[in-house]
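Contents: one structure, followed by commentary.
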């Protein structure tokens, strides 16, 4: 499962049809819950129900087999154990109920109140997704680009160069820091993250109390040698009392293999239980997350804004040639959300920043937002028209999105989905400032919402008809004036609109038997 | 009676002869050059590969351009993510036919690439050109990777002094330019000269620094050895990509020649505009890169079908 999920994120040749993405990611818990909330269809988004049923049957097997972050931790831990000189790597440890239920509570409240950005940082699938996109994928692309010339010289053209898109500093650092932290926990303490922080783990752990199949001690044959506890990744086997903490057991079965008396078995409930197996659970904590210290948030946002480099643009202005000194800054009322997002508000409440769309996007126009959506949308994707533009016939993001934050559109629907409207700033335009031809914006416009009209001295200048504009950003990207002084840019729509179909006009018929005009 | 007839006929012919230059000169009646000596070939009314064959016959065959063992670059227009019916990219059948012709003439290898405007893979695939070119025996290379480009200086450039060109152009012995004849929203038409914007990396520089001058300037670095304008399907409006198939007309023409300015002038007239109204053509003519004066060229006009 790890391999399959990983491959989806680094599919640089776009081998996998979009339909496949769905079947692999269908069972990821948090995306499935969010998707269900978005579409209310168990068929498209019933994965989480399947997971709950599975958990009722076999306990937290999800954590060992389906969750990519879980399997990733297992890989790290296996290496650590192989390298370790300790005779007994793990030891029984007490649970951390306060932390566990706190994080679960935060997650539940976040989902109820539509604070997707909190889910972003607590959802294990999204954490793994970001690591794959911002850390692993650039490495894969670099490797591909190194191997490609060798293959091409040998006549094998199945490999070709791919654009190495490295993420900007902040997403990289955050993904790196989080994965390193979790990796460190896994190195030292196995599934510590899964039993202390991960809300999915905690939830499924509670459900596991009632699971049919559990890892059970045979009290008579068990000699309390402790070998099982030494290999338990969740450190949840209490050999003293011959008990397994079912809320933390991730059904990895390391213990079953290692018991010399075969005193452990994975078996269904017996009618008579000699004594109670698990300690009383601590009451669930539902803590309010609205600890927004307004001042702290302002400072954080300001710092992030500075990071985005507005200061640098001010410096740049002083170095620009004279005729370009009076340029106007692009003022966007809203950023641009991907096609299929319906509205920015809805998008921010559902998206967990797993970045599957970012990695799947063939042009790379989808990039993680830092300040564009405010704090609420931190690390969620937005259309970055400085980097690239949205290819007219492409609908990939909606097809791969597992949470339903970006809903799938047909090509025809997408051709009429208005993400924003193009705004022309004559003062910044090269035709106005330099008196020379340009028209790069109109050239790229797929609907000709940006058209060229006569200006003066035989020049043509752009004119926007925003009723047919779909906000794809081809104009903004093509404009040769450097950001943030673009002469044409897309002002995002808070709620996506329906564009009108461009007027196709009549087909011209030419007499191919006519004489040559020269 | 006979003398009068003689005088009348003589006068008519005499007056007609002096006025003949106004009607296109001797060329209008298809005289003086022989096959292989024509400056320009214009064909219409046939299938695209048949028109190419006729045009090349007039220009002396592909052997006049490609010698044994030479490396050929065939540069079509693959700029847009659109199928052939939309006339945004060069006809793939024509590209394949040219490649086969070059290989037949003894080329050591034929390379095809374009620095596309839409997403590279999709343009190469959906235009049909990548497959057609590979099947015809060419090596198809990406134009979307900056590391493939190298900086060169543009000797006679007024606005464009240096630019980064694709390494395949730098190493090509023969440079064959194969644009499609179509409308363009900013330059009215895009033909041979504008097609060369696809061999450089930084097109944005052109747009920011007098687009038309830069297009002409590039020719001072290197001119194509042969220009073949694909006018089989023509985009009549909403170019360079078009908005729907209704923007496309079946022109069924093909124009070929060595002088890029002359070829573009003829193609502009076929489109329905005047060469001197197209800024980059006018500038190139003024710079002496080629000529717009079609009257003084040997043109072979062929009507098929």
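Residue numbers (the numbering used here), protein chains in the order written: chain G, 40 to 557; chain B, 278 to 582. We put the CB at the ideal spot given by N, CA and C, even for glycine.
- Per the C-alpha coordinates, the member of 280(B), 358(B), 438(B) positioned closest to residue 433(G) is 358(B).
- In the assembly as shown, residue 545(G) is an exposed residue. Its beta-carbon has fewer than 16 other beta-carbons within 10 Å.
- In this structure the stretch 535–545 of chain B does not lie against the stretch 485–500 of chain G, because fewer than three pairs of beta carbons, one per stretch, are closer than 8 Å.
- Taking 9 Å as the cut-off, the beta carbon of residue 174(G) is found closer than this to the beta carbon of residue 215(G).
- Judged by DSSP secondary structure, residue 543(B) falls outside any beta strand (DSSP E) and instead within the alpha helix (DSSP H) spanning 537–548.
- With a threshold of 9 Å between beta carbons, residue 425(B) makes contact with chain G.
- Per DSSP, the continuous beta strand (DSSP E) segment holding residue 533(G) begins and ends at 527–537.
- Counting only runs of 4+ residues, the alpha helix (DSSP H) found wholly inside the stretch 446–519 of chain G occupies 450–454, 469–473, 479–483, 513–517, in chain order.
- Listed in chain order, the alpha helix (DSSP H) runs fully inside the stretch 341–427 of chain B are 369–381, 397–403, 406–413, counting runs of at least 4 residues.
- Between the C-alpha atoms of residue 572(B) and residue 188(G) there is a straight-line separation of about 50 Å.
- Within chain B, the C-beta atoms nearer than 7 Å to that of residue 547(G) come from 513, 526, in chain order.
- Residue 391(G) is a Cβ neighbour of residue 69(G), given a cutoff of 9 Å.
- Note on residue 224(G): 16 or more other CB atoms within 10 angstroms of its CB, so buried under the neighbour-count rule.
- Relative to residue 148(G), the option among 389(G), 396(G), 296(G) whose CA is nearest is 389(G).
- Contact between the stretch 257–276 of chain G and the stretch 128–138 of chain G is present: 3 or more CB-CB pairs across the two stretches fall below 8 Å.
- As computed with DSSP, residue 305(G) is found in a beta bridge with 254(G).
- Put simply, the backbone Cα of residue 337(B) is about 6 Å away from that of residue 312(B).
- Per DSSP, residue 75(G) is one residue of the alpha helix (DSSP H) stretching across 68–78.
- Taking all protein chains shown into account, residue 478(B) has 16 or more neighbouring C-beta atoms within 10 Å of its C-beta and is therefore buried.
- Comparing alpha-carbon positions, the option among 494(G), 467(G), 97(G), 501(G) lying closest to residue 254(G) turns out to be 97(G).
- Residues of the stretch 432–449 of chain G with a C-beta atom less than 7 Å from some C-beta of chain B are 432, listed in chain order.
- The stretch 110–194 of chain G contains, as complete alpha helix (DSSP H) runs of 4+ residues, the segments 136–151, 155–161, 163–170, 176–192 (chain order).
- Between residue 286(G) and residue 519(G), the alpha-carbon positions lie close to 58 Å from each other.
- Of 423(G), 418(G), 383(G), 412(G), the smallest CA-CA separation from residue 400(G) is found for 423(G).
- Judged by DSSP secondary structure, residue 235(G) falls outside any beta strand (DSSP E) and instead within the alpha helix (DSSP H) spanning 231–235.
- With a cut-off of 8 Å on Cβ pairs, the stretch 328–345 of chain B is in contact with the stretch 363–382 of chain B, counting three or more such pairs.
- If you ignore the 5 residues before and after residue 364(B), its C-beta comes within less than 7 Å of the C-beta of 457, 459, 510, 511, 512, 519, 525, all in its own chain and listed in chain order.
- Within the stretch 550–579 of chain B, the residues whose Cβ lies closer than 9 Å to some Cβ of chain G are 554, 556, 557, 571, 572, 576, 578, listed in chain order.
- Interface with chain B (9 Å Cβ-Cβ cutoff): residue 373(G) is excluded.
- Taking 9 Å as the cut-off, the Cβ atoms of residue 534(G) and residue 381(G) count as close.
- Here DSSP, grouped into helix, strand and coil, assigns residue 556(G) to coil.
- Residue 122(G) is classed as exposed because its beta carbon has fewer than 16 other beta carbons within 10 Å across all chains shown.
- For the pair residue 469(B) and residue 551(G), the Cα-to-Cα distance works out to about 22 Å.
- Here residue 368(B) is buried. Its C-beta has 16 or more other C-beta atoms within 10 Å.
- Residue pairing by DSSP places residue 526(B) opposite 511(B) in a beta bridge.
- In this structure, the straight-line span from the alpha carbon of residue 494(B) to that of residue 438(B) is close to 8 Å.
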